[in-house]
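Undergrad: Following this message is one structure expressed as structure tokens.
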Amino acid sequence: MTECYIFIIGGGPAGSIAAVKLAKAGYAVELVEKVKFPRFVIGESLLPRCNELLEEAGMLEAVESAGFQFKGGVAFENEQNDIKIVHFEQNMGQKHNSSFQVRREIFDKLLLDEAEKSGAHIVMES
Ligand SMILES: Cc1cc2nc3c(=O)[nH]c(=O)nc-3n(C[C@H](O)[C@H](O)[C@H](O)COP(=O)(O)OP(=O)(O)OC[C@H]3O[C@@H](n4cnc5c(N)ncnc54)[C@H](O)[C@@H]3O)c2cc1C
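Each residue of the sequence shown is one higher than the one before, counting from 474 in the working numbering.
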């Protein structure tokens with residue numbers, strides 16, 4: 474193991490974003506991930522607020538360039554089949570009016586690659 478100031482356990486979105494921000498702030502970051510990526514994980518529908526977090530970490534451009542499905546809102550259906558559509562552009566106070574529907578194995582790998590590019594040292598199960 475290399476010497477580091479920050480040791481992050483887990484290479485999911487939280488770990489990757491933390492690694493990028495800390496590496497960019499000048500810390501020596503080591504991130505360990507117990508599963509070899511790309512790996513399946515549940516959860517794929519992002520909300521506009523996620524874009525703010527990605528933008529703050531300087532990772533939004535990479536996500537926008539990846540070609541994920543555009544998501545401009547959500548539809549809810551109850552047991553009576555009433556459908557309520559929420560358009561993100563009818564703003565709820567967020568900075569961005571859209572988001573993405575992603576495949577998590579691709580999305581999480583992309584974020585982890587960004588962490589590595591930012592200078593974090595990634596150790597993964599081989
Ligand atoms: C049914 C369901 C549906 C969901 N739908 C959505 C959705 O539509 N949109 C959305 O944004 N979120 C959704 N979520 C939530 C989303 O999946 C999680 O919030 C998100 O993955 C959390 O990210 P994370 O980085 O904190 O953790 P994770 O993505 O869980 O990453 C943690 C990582 O740590 C690694 N790890 C764990 N223990 C160790 C260890 N000891 N050593 C090394 N590595 C370790 C794991 O292998 C994993 O890769 C959903 C969740 C569920 C359960």
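Built from N, CA and C at the ideal position, the CB exists for glycine as well.
Quick check: is any heavy atom of ligand 1 less than 8 Å from the C-beta of GLU578?
TA: Incorrect: GLU578 has no Cβ contact closer than 8 Å to ligand 1.
Undergrad: Measure the CB-CB distance between ALA492 and ILE558 and report whether it falls below 9 Å.
TA: No.
Undergrad: Under the criterion of a Cβ to heavy atom distance below 8 Å, does ALA496 qualify as lining ligand 1?
TA: Incorrect: ALA496 has no Cβ contact closer than 8 Å to ligand 1.
Undergrad: Could you tell me the boundaries of the alpha helix (DSSP H) in which VAL575 lies?
TA: Neither: VAL575 is in no alpha helix (DSSP H) and is coded neither H nor E.
Undergrad: Per the contact definition of three or more C-beta pairs closer than 8 Å, is the segment 536-551 in contact with the segment 484-491?
TA: No, the segment 484-491 is not in contact with the segment 536-551.
Undergrad: Note down the Cα distance separating ASP555 from MET597, rounded to an integer number of angstroms.
TA: Going from the Cα of ASP555 to the Cα of MET597 covers about 46 Å.
Undergrad: Mapping DSSP to helix, strand and coil, what is LYS557?
TA: Of the three classes helix, strand and coil, the one that applies to LYS557 here is strand, per DSSP.
Undergrad: For LEU527, tell me which candidate among LYS494, VAL508, SER518, ARG577 has the shortest Cα-Cα distance.
TA: Ranking LYS494, VAL508, SER518, ARG577 by Cα distance to LEU527 puts LYS494 first.
Undergrad: Between ALA501 and GLU552, what straight-line distance do the alpha-carbon atoms span, to the nearest angstrom?
TA: ALA501 and GLU552: Cα-Cα distance of roughly 52 Å.
Undergrad: In the DSSP assignment, the alpha helix (DSSP H) including GLY488 goes from what residue to what residue?
TA: Segment 486-497, the alpha helix (DSSP H) holding GLY488.
Undergrad: Does the beta-carbon of ILE479, which I'm using as the reference point, lie nearer than 8 Å to any heavy atom of ligand 1?
TA: ILE479 Cβ: outside cutoff for every heavy atom of ligand 1.
Undergrad: Per DSSP, what kind of secondary structure is VAL547 in: helix, strand or coil?
TA: In the structure shown, VAL547 sits in a strand (DSSP, three-state: E or B).
Undergrad: Inspect the CB distances between the segment 503-522 and the segment 564-581 and report whether three or more fall short of 8 Å.
TA: Contact between the segment 503-522 and the segment 564-581 is present, because at least three Cβ pairs lie under 8 Å.
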